[in-house]
Structure formats: C-alpha cells, structure tokens
Amino acid sequence: MHNRARGRLSFGAIAVCISLLLAGCAGFPLGTNAGPAGAASDPVPVAPGPNAPEMFRLSNGMDVLVIPDHRAPVVTHMVWYRVGAGDETPGKTGLAHFLEHLMFKGTAKIAPGQFSRIVARNGGRDNAFTNYDFTAYFQAIARDRLPLVMEMEADRMTGLRLTDKEVLPERDVVLEELRMRIENEPVASLQSAMNAALYGAKSPYGRDVIGYKAEVEKLGTADALDFYRRFYTPNNAILIVAGDVTAAELKPLAEKYYGVIARRAPTLVHEHAPVEWPASPKRLVLHDPRVNEATWLRAYPAASAAQAGPREAAAYDLLAQILGGGTTSRLYQALVVKEKLAAGIQSWYDGDKIDAGSFSVYALPRLGVPLDAVEKGIDAEIARLLADGIDADELDRAKTQLVASAVYARDTQQTMAYSYGSGLMTGLTAADVYQWPDHIRAATAADVLAAARKALIADHAVTGELLPQATPGAKP
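One rule links them: number in the numbering used here = place in the sequence shown (from 1) + 94.
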C-alpha cells in the first residue's frame, strides 16, 4: 500500500472485517453481465434484488461496476488492475508493489508528488494497494469532484513518466518498508516463513508481496516501465465507483475519460506456478530477542473462494466464526474462558487468491502457559467439532453474526468497493459478492462440517511458534 500498511480482506472477512493480526483463473469473471470487447454495453444489474450494483463494459474492454449509495454526496472511485505480485517474472519480485509507489511520481500534466496533494486540496483522500493477483488505486471524494479524479486516474493509466531521479529514491522507500514491515516485525517474519512452507517454493503465494530484498535492490526504471506498459491497459482493468452516482450517470463519464484509451497490450491470463501443499505436517520455530510473549499460529491448506464456489466458501466463513470468530466461539469459550490457557484466540478463512486459500488459527497463551498446552487445547476442540458436528444454535448464531456484519460493512463505501474488487479479481462474480449473505443463510450444518473435514487436516498443516530469545544452553 502506498505509504501505509498493506491490508487484505478475504471473501468472508470482507463482511466481518477481520484483520489477520499479521501481515488458474483465465479471463475476467463477468458471466453475462457485460458485452464483448469492442462493443460498449448497457448497464445491467449484477443480480436480482434491491440496490444491486450494475455493470457495463467500455468499447476498449475496460469493465465498470457501479455500487449505489445515496446517503451522502460522496463517492469512492477505484481502478483495479488485474496484475499483482503473483505475475512477476523470476528475479523481479516486488515489481508490482514498486510500480504502485511509482504511479504517484507524475505525468506530463501532473508533477511528481502532486496527485495526492490535488486530491487533498479538493477535500478527498487517496491510496493504493498491491496483492498477489491485483493492484488498485482509489480516491474518496465529493460527488462533484468525481470527474476530476477520473481524469487524473485515466491520465496516469497511459501518461506515467519515470526517470532515475524519481525511481531510485522510491526504491529506497520500498526497501525501508520491507525492513519495517517484515524484517523488524517478528510475527511477520514468521508468517512469511509459514507461507513459503504452506504454498511451496514455486508458488508466488509463498513469498511476500513486497518481494525479496536482494531482488528489489536491483529493480530500476526500465523494469518499472516495462511492467507498466505490459499490464496497465484498459482491457486489463476494472473501474469501480461506490457512492452517490448511478450507472446511467457514470457511463458517459467513463466513456469520456477511460473509453478513449486504446488497448496497448493483451489482456493478462494469470499463469501462476502451481501450489505444492505440504506432504506432511511442518513446524517452524522462531526465537527473537524482541519478543516478550509467545505466539502460536497454524495454517491449513484450503481452496480459494473461487475454487470452492459460493456455497463452500460460505461454509468456510461460518466454520471460522464458529471455531474462533469471537467471544462466543468454541475456541474462545474453551481456552480463554473455561481452561484459561489463552489470552486471545482467533480463526479465519483467507480465500482471496485465485489459485489457493488457507484456513488459520492464531493464539496468545496466558502468561506462564506453555505453547504446547495451548496447542493441545486447540487440537482437542477441533477434534471435538469434527466428531460431534455443528449444533443448530451455534450455526444460527454464526449466521446472524456474519449477516449482520455484512450489513454493517455496507455502511462503508471503501469496504463495499473492496469486497467487489477483490472478489472480481480473484475469480468470483459480482453476483457472488452481492448474494454472499444469502449463501451464508443457506448453508447447513452438514456444509460446515464437510468444510471442516476438508480443511482441518493436521497432516498437511504448517504450525508456527514465535518465542522469546532462547536461553544460552537451553534446548531449542
């Protein structure tokens, strides 16, 4: 994320806004919601229902999604590019994130560093973020300033100007971000190692979005411009606007500012190296002098939301809520309230990648409680769930919590826009996102138990332990 911590919400976490507490699909999944490239289409609702977003496609292949929210005269304007850290060539890791930074370095019309200043002077705010399968840029601003930010964003889609004078100092900024967010954060370092162990050495999901330090240090102006010219093309992008605007109002603006931009490269087809799940359980132990309290983590292989489909993805979200989604969850009640082994505990499903997902559990032991006692308690609770299944009351409670969270999430334009953008970029349809509460309501106890039995397989899990510096002479 440009000058801020990178955030990521999974398909289920879009609704419940869960922070992780740490750091195969070809073509764009529009279904029948857009016409073929070369012919501008009319706006069409993504699904039956009240206030459903509308989609259309510009003649150059750029897709547009409009999410209505007329409670205030403001909008959130986002341009998503279907390219991310997973699409970098070997030896060039970190390039997608590096270019995200460089997109603020100016064009012939806007001087370096002025983009954000212009947005701020007009009462708005802006930022950007990079993930494995996408990169996105956004501005939140008053409705009457929407044409301004559309013109500016369209300008840097084609007019970015870079020289070593801007690029090399920004590379130092990225390297400092890497040091701050990965090297200087023990829990992030552990999670990096766990991702590599979980997804395998070949998959891009096994490395950090920010890239390998030794490779980032070598990135230059030509690398950034080549990446920009290959992937920053309208047919590889989607415009999402949430707020006080209709599709009928937005379409002429989209055609004026974005529709006139010619394609300059083919639409990207993701070709990621395959994920190689662990053939046997793995355990990583990290001792660090900066750590005062131990942390326990476990990640299980799981399908992505797109691979699983809406029904199974909803079951994973419900499983995460039932198992460790809050103070009423099984793990919290068992380990925090009753047994007093843990000070905090959480589980979550991360399905926002194209080729793979994960299901994870996180725990902080109480002072003086060894990690193995916490781990045994978690394993026992998981075994109990797998043996006894899900009861009707806890399923209903989890559904109520997730559906309510989805309603609350729609109060924030950026959250709404992010949920659709990340879903579309990782293989879901806009209808999948819009109908997510319906999929939650329709899930059965059998669905959740099936998801648990599919994901919670210890033989393929990666367990991580973050511990204080080992005492000299003590066993590791």
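We put the CB at the ideal spot given by N, CA and C, even for glycine.
Please read all numbers here as calculations on a predicted model, not as lab measurements.
Spatial distance of residue i from residue j (CA atoms)
i	j	result
Gly571	Thr201	Look at the range of the chain in this structure, 95 to 570, and you will see that residue 571 is not part of it.
Ile551	Gly314	43 Å
His554	Arg237	50 Å
Asp136	Asp157	11 Å
Glu245	Ala525	29 Å
Ala537	Ala230	32 Å
Ala128	Pro142	Here Ala128 scores only 38 on pLDDT, less than 50, and its place in the model should not be relied on; the value that follows carries that caveat. Approximately 16 Å, taken between the alpha carbons.
Thr389	Val468	10 Å
Pro144	Ser283	45 Å
Thr126	Glu271	Caution applies to Thr126, whose pLDDT of 32 falls short of 50 and renders its modelled position unreliable; the value that the coordinates give is listed next. Computed Cα separation, rounded: 41 Å.
Val463	Ala428	15 Å
Ile235	Ala134	27 Å
Val281	Asn386	12 Å
Glu260	Val267	11 Å
Phe150	Asn278	45 Å
Thr340	Val169	11 Å
Arg265	Glu311	7 Å
Gly300	Tyr352	35 Å
Ala503	Leu262	39 Å
Leu193	Asp487	49 Å
Ala474	Pro375	17 Å
Glu349	Phe321	25 Å
Ala166	Ala396	40 Å
Leu256	Pro404	42 Å
Ile276	Ser286	8 Å
Ala212	Trp530	Strictly speaking, residue 212 in this sequence is Ile, with Ala absent from that position. Near 37 Å, if we compare the C-alpha coordinates of Trp530 and Ile212.
Nearest to residue i (by Cα), restricted to the options the options
i	options	result
Val497	Ile276, Gly300 and Asp532	Asp532
Lys307	Pro375, Pro368, Ala318 and Met274	Met274
Asp249	Arg301, Ala342, His164 and Ala356	Ala356
Pro383	Met149, Ala134 and Leu560	Leu560
Glu309	Leu344, Val501, Leu269 and Pro464	Leu269
Thr557	Pro372, Lys199 and Ala179	Pro372
Asn221	Ala397, Pro184, Met197 and Val430	Met197
Tyr394	Asp482, Gln495 and Phe453	Phe453
Tyr528	Leu413, Asp505 and Ala500	Ala500
Ala437	Ala540, Ala295, Leu458 and Arg405	Leu458
Lys432	Ile472, Asn216, Asp163 and Ile235	Ile472
Arg478	Arg535, Gly420 and Ile416	Ile416
His364	Asp505, Thr183, Gln563 and Val173	Thr183
Thr327	Ala166, Gln495 and Val177	Val177
Gly180	Trp174, Leu189, Met172 and Lys470	Leu189
Leu465	Leu380, Gln285 and Pro167	Leu380
Gln401	Lys350, Leu262, Ala316 and Gly517	Gly517
Ala414	Ile534, Asp449 and Ala214	Ile534
Asp227	Gln495, Asp449 and Leu152	Asp449
Ala290	Leu412, His195 and Val369	Val369
Arg344	Ala549, Leu152 and Gln563	The amino acid occupying residue 344 in the given sequence is Leu; Arg does not appear at that position. That would be Leu152, whose Cα lies nearest to the Cα of Leu344.
Own chain, CB closer than 8 Å to residue i, minus 5 neighbours either side, in chain order
i	result
Ile161	Pro147, Ile334, Val335, Ala336, Gly337, Gln507, Met510, Ala511 and Tyr514
Leu347	Leu240, Pro241 and Met244
Rounded Cβ spacing between residue i and residue j (contact assumed at less than 8 Å)
i	j	result
Thr520	Lys447	6 Å
Gly218	Arg239	6 Å
Lys434	Arg460	6 Å
Val542	Ala399	Not confirmed; about 15 Å, so no contact.
Met288	Leu378	6 Å
Ala342	Ser297	Between Ser297 and Ala342 the Cβ distance is about 43 Å, and since that is not below 8 Å, they are no contact.
Ala331	Val138	That belief does not hold up - the Cβ atoms of Ala331 and Val138 are roughly 19 Å apart, past 8 Å.
His171	Phe232	6 Å
Lys493	Asp317	Their Cβ separation, rounded to whole angstroms, is 48 Å, which puts Lys493 and Asp317 out of contact at 8 Å.
Cβ shell of residue i (< 7 Å), same chain only, five flanking positions each side left out
i	result
Gly418	Leu425, Tyr426, Ile439, Gln440, Ser441 and Val455
Arg571	The question about residue 571 has no answer, for the chain in this structure spans 95 to 570.
Asn329	Ala131, Asn154, Gly155, Met156, Arg357 and Thr361
Arg491	Thr422
Arg650	This structure leaves residue 650 out entirely; the chain is present only between 95 and 570.
Ile484	Ile416, Ala539, Val542 and Leu543
Asn216	Ile235, Arg239 and Leu242
Reduced DSSP secondary structure (H/G/I, E/B, other) of residue i
i	result
Asp220	strand
Ala287	helix
Tyr80	Because the chain is modelled from 95 through 570, residue 80 falls outside the range shown and cannot be assessed.
Pro162	strand
Arg377	strand
Asp482	helix
Gln440	strand
Leu256	coil
Thr201	strand
Met519	helix
Arg211	helix
Glu148	strand
Met244	helix
Tyr502	helix
Same chain, Cβ closer than 6 Å to residue i, five either side skipped, listed in chain order
i	result
His191	Thr224, Val303 and Ile304
Phe209	Phe198
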